[in-house]
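One structure is given here, and the rest of the page talks about it.
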Ligand code: FES
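In my numbering, the protein residues as written are 4 to 162.
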């Protein structure tokens with residue numbers, strides 16, 4: 004059976020589609036993939052087919068976009084996705100130490116998700132907070148000027 008958005012997500016999808024002219028529905032692929040990821044946690048091949056049907060293009064074209072951008076998860080992730088910036092300015096402020104600290108605390112290497120599905124640890128490119136490194140993004144929240152103590156507090160604050 005084909006995958007379908009929930010009624011709430013379908014409403015949001017329709018709102019997204021309404022922003023584009025009829026002959027430009029394909030341009031909605033990026034926000035619809037974001038919506039699919041919110042809806043199902045990650046972008047499955049079935050979700051790509053669902054998005055392709057909505058915008059009237061081939062699933063292969065949607066898959067090309069979904070696989071090009073690293074922000075789309077192609078496999079399940081933890082409840083908290085921790086992205087540590089490892090671009091040069093953050094590298095100069097100690098992002099390797101932050102990554103090492105998190106890796107040790109969570110028992111995860113970058114790219115891994117814990118068995119309890121609580122955390123996924125990832126490296127990411129610049130988060131546009133280069134003057135406040137080291138930096139990490141936990142789901143949609145940005146944390147800056149990280150220290151081990153600050154990281155401990157952040158992890159404690161996550162339910
Ligand atoms: S280099 Fe890390 S936020 Fe820009």
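Every residue gets a Cβ at the ideal spot worked out from N, C-alpha and C, and that includes glycine.
Using only the alpha-carbon positions, how far apart do residue i and residue j sit?
i           : j           : result
residue 83  : residue 116 : 10 Å
residue 145 : residue 155 : 15 Å
residue 107 : residue 121 : 15 Å
residue 21  : residue 76  : 26 Å
residue 42  : residue 48  : 14 Å
residue 27  : residue 18  : 14 Å
residue 158 : residue 124 : 13 Å
residue 12  : residue 24  : 20 Å
residue 90  : residue 73  : 15 Å
residue 3   : residue 61  : Because the chain spans 4 through 162 in this model, residue 3 falls outside it and cannot be assessed.
residue 10  : residue 99  : 43 Å
residue 67  : residue 131 : 26 Å
Name the DSSP bridge partner or partners of residue i?
i           : result
residue 84  : 123
residue 139 : 87 and 146
residue 116 : 123
Looking only at C-alpha atoms, which of the options sits nearest to residue i?
i           : options              : result
residue 102 : 150, 52 and 25       : 150
residue 79  : 107, 155, 39 and 154 : 39
residue 93  : 20, 135, 43 and 45   : 135
residue 126 : 111, 31 and 63       : 111
residue 161 : 113, 132, 64 and 109 : 109
residue 5   : 50, 99 and 74        : 50
residue 7   : 35, 69 and 129       : 35
residue 163 : 29, 96, 9 and 148    : The requested residue 163 does not occur in the structure, where the chain is confined to residues 4 to 162.
residue 65  : 44, 81 and 37        : 37
residue 113 : 81, 131 and 95       : 81
residue 32  : 70, 9 and 44         : 70
residue 148 : 129, 118, 96 and 131 : 96
For this session: Count the C-beta pairs between the stretch 54 to 62 and the stretch 93 to 107 that are closer than 8 Å, then say yes if the count reaches three, no if not.
Result: Too few Cβ pairs lie closer than 8 Å, so no.
For this session: Say whether the stretch 73 to 90 touches the stretch 140 to 150, bearing in mind that this needs 3 or more beta-carbon pairs closer than 8 Å, one atom from each stretch.
Result: Between the stretch 73 to 90 and the stretch 140 to 150, the count of Cβ pairs shorter than 8 Å is three or higher; the stretches touch.
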